[in-house]
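Have a look at the structure below before the remarks.
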Amino acid sequence: TVLPVPDAPIAADDNYITPRNTALVVTTSTQAVLNNDFDPDTRPYPHAAPWAAASGVDLLPIYAELAIPPAHGTIVFSPVGTFTYTPGTDYSGSDSFTYRAIDATGRQSEPATVQIRVNTPPVASADNY
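Start counting the sequence shown at -16; every next residue gets the next number (our numbering).
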């Protein structure tokens, strides 16, 4: 008898942009880091293992766990993949944090990186004609 081996979730990298000195608030599941992640053992993912539905073991959703916090700001991170990132005062540039997706049985994905671009707003100047 050959028994199937459950797979870990697959976490994909994400990208966000926020203005300098402005918190990035991600509160909906369609914006959350888990939106593009999946567990190959669960349904309705089209390539789910056929034993998953019968076992009932892996039909629960995945959740997220912060692995490495951002270097240039602070983060409040939720297991459902929503978060609030606050860049450091007057910081502009790239920042990132890393998380893992975890399934109901504790299997963890490889780390996924969330890139955040903190932009300096444009400065308007008077035109002379």
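Virtual Cβ for every residue (Gly too), placed ideally from N, Cα, C.
Discussion item. Can you tell me which residues form a DSSP beta bridge with Pro70?
Written reply: Per DSSP, Gly56.
Worksheet entry | C-beta contact flag for Ala(-6) and Ser77 at 9 angstroms | No, these two residues do not count as a Cβ contact at 9 angstroms.
Discussion item. Please report the distance separating the alpha-carbon of Gln98 from that of Thr65.
Written reply: When rounded, the distance between both Cα atoms is 15 angstroms.
Fill in: Cross-strand partners of Gln98 (DSSP beta bridge)
The partner list for Gln98 (beta bridge, DSSP) reads Asn(-2), Ser79.
Fill in: Alpha-carbon to alpha-carbon, Thr13 and Ala47
Thr13 has its alpha-carbon roughly 14 angstroms from the corresponding atom of Ala47.
Item to complete: Could you check if Pro94 is buried or exposed, using at least 16 other CB atoms within 10 Å of its CB as the buried criterion?
Response: Around the CB of Pro94, fewer than 16 other CB atoms lie within 10 Å, so the residue is classed as exposed.
Worksheet entry | Of the residues Val63, Ser79, Pro44, the one placed nearest Thr57, counting alpha carbons only | Cα-wise, what sits closest to Thr57 is Ser79.
Discussion item. So, for Thr10: in the same chain, excluding its five sequence neighbours on each side, which residues have a beta-carbon less than 7 angstroms away from its beta-carbon?
Written reply: Same-chain partners within the cutoff: Thr65.
Item to complete: Check whether the Cβ atoms of Ser61 and Thr103 lie closer than 9 angstroms to each other.
Response: Their beta carbons are not under 9 angstroms apart, which means Ser61 does not touch Thr103 by this criterion.
Fill in: Pair within 9 angstroms by beta-carbon distance, Ala6 and Tyr68
Going by C-beta atoms, Ala6 is nearer than 9 angstroms to Tyr68.
Worksheet item: With distances taken from CA atoms, which of Val16, Thr72, Pro(-11) is nearest Ala87?
Response: Residue Pro(-11) is the option with its Cα nearest to Ala87.
Fill in: Straight-line gap, Pro52 to Arg100 (C-alpha atoms, nearest Å)
Rounded to the nearest angstrom, the two C-alpha atoms are 15 angstroms apart.
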